[in-house]
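Trainee: Residue numbers (the working numbering): 12 to 79. Ideal Cβ placement from N, Cα and C applies to all residues, glycine included.
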């Protein structure tokens, strides 16, 4: 399956959040205390990502309809 990069849309907030949180928990959780991970994670909820989309240029990689 091919991967495309495009400008993020508000409807992408949930998928973006899922990718960021999965990466945070899989790659950073062993290096930081749980309370630090929780604090960082709170910045990347779907609602927080939606707010970021209004202030920043965000690109997403997609395979089919899935954000990767």
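Would residue 14 pass as a contact of residue 76 if the rule is Cβ separation under 8 Å?
Mentor: In this structure, residue 76 does not lie closer than 8 Å to residue 14 by Cβ.
Trainee: By the three-class DSSP mapping on this structure, what secondary structure does residue 73 have?
Mentor: DSSP places residue 73 in strand when its eight states are reduced to three.
Trainee: Residue 78 and residue 30: beta carbons closer than 8 Å?
Mentor: It is a contact, given that the beta carbons lie within the stated cut-off.
Trainee: Answer yes if the stretch 53–72 comes into contact with the stretch 18–29, meaning at least three C-beta pairs across the two stretches below 8 Å, and no otherwise.
Mentor: Cβ pair count under 8 Å is three or more, so yes.
Trainee: If I measure Cβ to Cβ from residue 51 and keep anything under 7 Å in the same chain, skipping five residues before and after, which residues do I get?
Mentor: Counting only Cβ-Cβ distances below 7 Å, and skipping sequence neighbours, we find 35.
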